[in-house]
Every structure is written in C-alpha cells, then in structure tokens.
Amino acid sequence: MRPSCVFSSCRLFSHHGPTKSTGLPSRIRTFRQTHHTTFQKHPSSLENICCIRNFSSTSRILAQLGRINVKKIPITDRESNFALNENILQETHNPHLTSDRKPVILKPFIFFVGVSALGLSLAVVQTNRDTKQKIDHIRQHQGTFPGWFSKTFAGHASYLDPSDAQLQQLRKVAKVNFIREYGLNHIFPRQLLAWYINLGEGKQICCVLALINLQIFALWQMPRLVTSMTHRFTHFPLSGKSYTLLTSTFSHSSALHLGFNMLALYSIGSTAHDFLTHRLRAARDVDPVLIPESTPTYHFLAFYVFAGLAAAFGSHAYSLLVRAPRLVKWRQGLSKSSTPPSPILPSLGASGAIYGCLTMTALAFPEAHVSLIFLPWIPLKIGNAVFGAMLFDLIGVIRNWRYFDHMAHLCGGLAGIFWYFFVDKWFDILRLEAWNRYDEKKEA
C-alpha cells in the first residue's frame, strides 16, 4: 500500500447560519427592553434584580434541547451575565426548528438503518446484474474481442467460466465505449481521459466521489446559497431532520477541509475498495462464496454510505444524549463548572466515511505503512497510525474539544471494523442467495 495521509481527514462543526437568536424567552426580551436605560445608568442594578427574579426554565428552547420538564428555580449562585447566557442560546439555537420538528433519535436511527440496508441490497442486485451481463456478453462474442483482450483468456479451458480479472477487463472496455458513445472524448482532454482509464477501479470511483464533493463545495461558494446549503447540507442534531445525515457526508464548505479529505479518500478509500474485490475476500474466508464478481464498486459504495451515516448518527446521538443535557444543566445553574459547555453546532464532512475506510484497510493489510501528510518521509505502521488517530479522537470526546467532530470520527472507524467482520460476509451470502434465485427463475 502506498503512503497515505492518515490525519488529514476531519469532520468539522459548521459556524454558518444566522446568529440572531429568535428563541429568547419573552420575559427576558421584555426585561431587557424595559430596563435597558436603567442598566446603562446603574449597572449594579442588574445584579440586584437578577438575584431576586425567577426565570422560567421551561421555555421553548429548553424543551427542544432535552424535552426535560423542570421546576422554576432562582439563579442565585451564578454571576448575572446576560451576555454569556445569550451567547449559549444563540450558539445552540436552531433557526429552522418548528413545532413539527423536534430533536429526536428514533427517526434518524430508522433513516440510518433503512438507507444502509437499501444500499446493501442495491449493491447485491447491481453486482449480480453486472456480472451476469458481462458473462453473457463473453459467451455471445467469444471470437469478436480485440487481440489484447483475447490474450487474457489464454490458458483457460473454457470461455464459459471467466475469472474476476477477465470480467473487470471487460468493464474497462465498456468504460471506453461509454466515453466514445456520449462524446466525452470531445469534452475532456485526451490525456485526462487516458489517465482516468488507466487508473485502478478503486481510484476511479474515488475520483467520482471527489467530483461530487467538489460540485457541492462549489455551491457553498455562492453567497446567496449559503443559507440553503446550511439547511440541507449540514446536519444539526436539533433540527429534527434525518436526510442531512447523508447529505452532510458529501459537504465541505472550505477548500482546506475538502482538499485534506479528498486526498485521504483517494489514498485510503482506493485501498479499501481493493480489499473488497472478490479474490481478496475469498482468500481470507474459510468457505468462500464461489461465484464470479465483475466489480466491487457497488459493494464499496454501500460501505461508504454506511460508514458516513454511522459517523453522522453517532455524533447526532451523542449531542442529544450527552451534550444537550449538559447545556440544560449549566443554564439552570446546576452545573458545578462555571465554564459553559460546548454548544451544539451543525457538522459536515466526509471524514467519518474515510475513517471507516482507514480501519478496514488496517484490518485487511496489517503490514502496510502510511505516513502523515505533514511528515511524508516518516513511515508508520498502519495499525499504530489508526490506534493513534482513534486515541486522539477519544481524548477529544472526553476533553470536550470543539473544533473537530471527534465522535463522528470514532463512529466512522467503528463502522469500518463492523463491516470487515460482519457485513462483508453477509454481502457474499446475499449475493449467492440472489444468484441462485435468479438461476432457478431462469430455468423455470
């Protein structure tokens, strides 16, 4: 495995969106408007009034944060700093939240499981369909292939049982024909197309994913679309939305963020794709599924979506179950710490899916070496690099670091481990079951 960037991948918290708070309790707004002049003339009066005034802790914002009904309590043990309380509300306030959109966990979980299952099913169907099409094509055109392609079949007793490598060569021929049929050779430079065709299939699909991310990044650069992009391409746990678990995985709002993640995807993702080829999976299985496979690309895409969703949902659940109660407790004056907890902010980025590729690669190729993007001349054993990266993110979660979405990184890494040990074998079993059903239906 060629040296790759291990720590270049990151899922960030987004600070886009309006900062004006529309969710302040009406009593606080009225209080500030009525006594604004008094506070300017007599600043000390603010502290005296706050110490004897009860503020409701059952406002709409608090109900949305944790749905916790608590009694009214006086704020007597904390300095009366309206600016600090207002900042917490502003940073945690969701401008898109309405009465029909409550922060929940069940709906996003159903979305995560449903889309992952759908992706796996589609990968099974499409892989079998593509493989059967290539086999049928070989059987029908045994004497019509170019000389260079016919040589790949030399030494085989029959054309009726092509290998995975032969099927993948046929896919490359199909890609060349696709480029010619749709006139792409007249749109893109010939050197660029030749470079793309000569890439391995893993790097080809990573380039396609990078192009999708680049297009979404271009939309972020249009000022008039920033608000819309914040709504639809960042995941905010308090928004009540589920589909943004997926869209945020392909979203990057800064060039540096996009560049680091796509560089990591090109190097790490392509290696994970190579592992998912049938020959490498069969080599580690005691009882491999002996059916041909023309491409692992659909399998890889299903895994990539699963890892990205797992990362986003893990961050979502952590925000609602751990961070939101901390915010409520701090605002009620029940927290022992005088330092405000980190706010709940929208997040975006492909690093969760890339972390999944990284852990899968480490398990599949334990002897491989990687290097840091800033220290490319120092090779590291991939197992040590993954351990260091996961430890760094674990410390980030414990220490409540704010800039990176460390929980998303951890969940993405765990998704790669889960797929390697469990889903990878289920994929082969499902393929075999679907393959046999197709043959039975065809014979009937």
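Numbering (full-length UniProt numbering), first residue to last: 1 to 444. Using N, Cα and C, we set each Cβ at its ideal position, and we do this for glycine too.
Could you tell me whether the Cβ of F260 comes closer than 9 Å to any Cβ of chain B?
Note that chain B does not occur in the displayed structure, where there is just one protein chain.
Hey, Y298 and Q126: beta-carbon distance below 9 Å or not?
yes
Would you identify the three-state DSSP class for P366, choosing helix, strand or coil?
Coil at P366, not helix or strand.
Between which two residues does the alpha helix (DSSP H) holding P376 run?
P376 -> no alpha helix (DSSP H), and no H or E assigned at all.
Meets three-Cβ-pair contact criterion under 8 Å: the segment 434-442 and the segment 376-393:
no
Ordered list of beta strand (DSSP E) runs contained in the segment 267-339, each at least 3 residues:
As far as the segment 267-339 is concerned, it has no whole beta strand (DSSP E) run of at least 3 residues.
Run of the alpha helix (DSSP H) containing S417, from where it starts to where it stops:
Looking at the sequence itself, residue 417 is Ile, so the reference to Ser does not match. Taken as a continuous stretch (DSSP letters only), the alpha helix (DSSP H) holding I417 covers H406 to F418.
Residue closest to K425, alpha-carbon to alpha-carbon, out of K134, E367, L276 and F387:
The shortest Cα separation from K425 among K134, E367, L276 and F387 belongs to L276.
Looking only at its own chain, which residues have a Cβ that is under 8 Å from the Cβ of L225, when we skip the five neighbours before and after it?
L219
Quick check: what's the CA-CA separation for P341 versus Y403?
If I take the Cα positions, the gap works out to 13 Å.
Could you have a look at S342 and say whether DSSP puts it in helix, strand or coil?
coil
Which residues mark the beginning and the end of the alpha helix (DSSP H) in which G396 is found?
I382 to I398
Kindly indicate which residue of T249, I205, A312 and A311 has the alpha-carbon position closest to the one of A272.
I205
Since I believe G240 is in contact with V104 (beta carbons under 8 Å), could you give me their beta-carbon distance rounded to a whole number of angstroms?
6 Å
Any contact of the segment 111-126 with the segment 323-332, i.e. 3+ C-beta pairs under 8 Å?
no
Please report the residue range of the alpha helix (DSSP H) in which V226 lies.
Start and end: V226 to F233.
What is the DSSP secondary structure of L348, counted as helix, strand or coil?
strand
Start-end ranges of the alpha helix (DSSP H) lying completely within the segment 156-206, minimum 4 residues:
Taken in chain order, the unbroken stretches of alpha helix (DSSP H) that lie wholly in the segment 156-206 and span 4 residues or more are 164-181 and 190-198.
DSSP three-state call for H252: helix, strand or coil?
coil
If we ignore side chains and look at the alpha-carbon of each, how far apart do Q166 and H278 end up?
Rounded to the nearest angstrom, the two C-alpha atoms are 13 Å apart.
Could you say if the segment 129-136 and the segment 237-253 meet the contact criterion of at least three C-beta pairs nearer than 8 Å?
At 8 Å Cβ cutoff, the stretches do not touch.
Y438, DSSP secondary structure in three states:
helix
Where G119 sits in the DSSP three-state scheme:
Looking at G119 - three-state DSSP - the assignment turns out to be helix.
Sufficient close CB pairs (3 or more, under 8 Å) joining the segment 177-190 to the segment 205-217
With fewer than three CB-CB distances shorter than 8 Å, the segment 177-190 does not count as touching the segment 205-217.
Rounded straight-line distance, which links the Cα of H369 to that of H409
Looking at the two C-alpha atoms, the distance is approximately 21 Å.
Suppose you measure from the CA of A385 to the CA of P366; what does that come to, to the nearest Å?
Using only the alpha carbons, I get a separation of about 11 Å.
Rounding to the nearest angstrom, what Cα-Cα distance links Y266 and S254 in this structure?
18 Å
Please go through the same chain and pick out, in chain order, the residues whose beta-carbon is closer than 6 Å to the beta-carbon of G269, but skip the five residues on each side of it.
C206 and C357
G259 by DSSP, collapsed to three states: which one?
helix
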